[in-house]
Amino acid sequence: MDTIRETYLARLTQDFKAMANLVLRQAQILKLQLAGDTTQALKDEMQKNEHSIDDMEIKLRDDIINSIVLYTPRAGDLRRIVSYYDTVIDLERIADTMDSISRRMQYLNRQDSIYPEYQKYAVNLFEFADSMLQNAIFAFLWADNTMARSIINSDEELDKLHHLSHKKLFEHEKTDKDHPYWIADILDLGRILYGMERIGDGATNIAEAVIFLSEGRDIRHG
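Heads up: the sequence shown at position 195 corresponds to 489 in the working numbering, and the numbers run straight through without jumps.
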């Protein structure tokens, strides 16, 4: 039974890595789109990956539940399984947020939008959130609670960057002559910036799952 259980857990880890790698690929695509890449191939890949991530999330959640029901895992394995469950949900939400940002970017890139004036702020915020995400996934796979705590501590800096980026949207007056859709652009950019902050928040959630996995302590509401 131990061998079967270990094999099952190893498969969970393998499937989780596949999902995590696909989410990281979505981040790479989005970074290219934020930099101005409007090619159809990237849009198509983003949508294809989004569907794959949704399917992976459903399969992983089912497998995680089955692992609890079928194999009665020990305390250490149970913490690991519960952490996987929480993190899979976080990864799927992060992927959904990236897809939403990508769709809004496609809209902004189709018109004479104000985005180029604020591109550097959006890119900086996303790069910070993406770095948090990459580190969180690494910390989770290696149960690195030191890195996890570093990610959690960086959440305040993420909030500051989001506040600065959002503030920049309202620093300069716009006219319909310069940008016919500037009001809609500001609303879209505000949602994009908020989505980027949510990606960083998702990375923080994953880091908190690492603490639970390695120390058995739930610090989410501490």
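Where a beta carbon is used, it is the ideal one built from N, C-alpha and C, also for glycine.
- Distance from the CA of T381 to the CA of G330, rounded to the nearest whole angstrom, comes to 31 Å.
- The C-alpha of I375 is placed about 8 Å away from the C-alpha of I362.
- Nearest Cα to D371 within the set L303, R387, H460 and D356: L303.
- Shown here, R404 sits in coil according to DSSP, grouped into three states, outside any helix or strand.
- Rounded to the nearest whole angstrom, the CA to CA distance from N429 to S407 is 33 Å.
- CA-CA distance, F464 to N447, rounds to 29 Å.
- In the structure shown, the three-state DSSP call for Y378 is helix.
- Note on geometry: alpha-carbon atoms of S394 and I388 lie some 10 Å from one another.
- Exposure of R397 is indicated by the presence of fewer than 16 other C-beta atoms within 10 angstroms of its C-beta.
- Look at P410 here: in three-state DSSP terms it is helix.
- Closest option to Y409, judged by alpha-carbon separation, among K311, D482, G489 and S377: D482.
- Apart from sequence neighbours up to five positions away, the residues of its chain that approach E421 with a beta-carbon distance below 8 Å are K325, ordered along the chain.
- Annotated three-state conformation of D349 is helix, per DSSP.
- The continuous alpha helix (DSSP H) containing L507 extends over residues W476 to E509.
- Annotation for L458: the continuous alpha helix (DSSP H) segment containing it runs D449 to K462.
- Nearest neighbour of K454 by Cα position, chosen from D438, N403, L419 and A369, turns out to be L419.
- In summary, H456 is buried, with 16 or more beta-carbon neighbours lying within 10 Å of its beta-carbon over all protein chains present.
- Take R485, set aside five residues on each side of it, and the residues of its chain with a beta-carbon closer than 7 Å to its own are R398, in chain order.
- Counting C-beta pairs closer than 8 Å gives three or more between the stretch 350-370 and the stretch 309-317, which meets the contact rule.
- Using a 10 angstroms sphere on the CB of Q327, the tally of other CB atoms reaches 16 or more, which defines it as buried.
- Between G510 and L385, the alpha-carbon positions lie close to 21 Å from each other.
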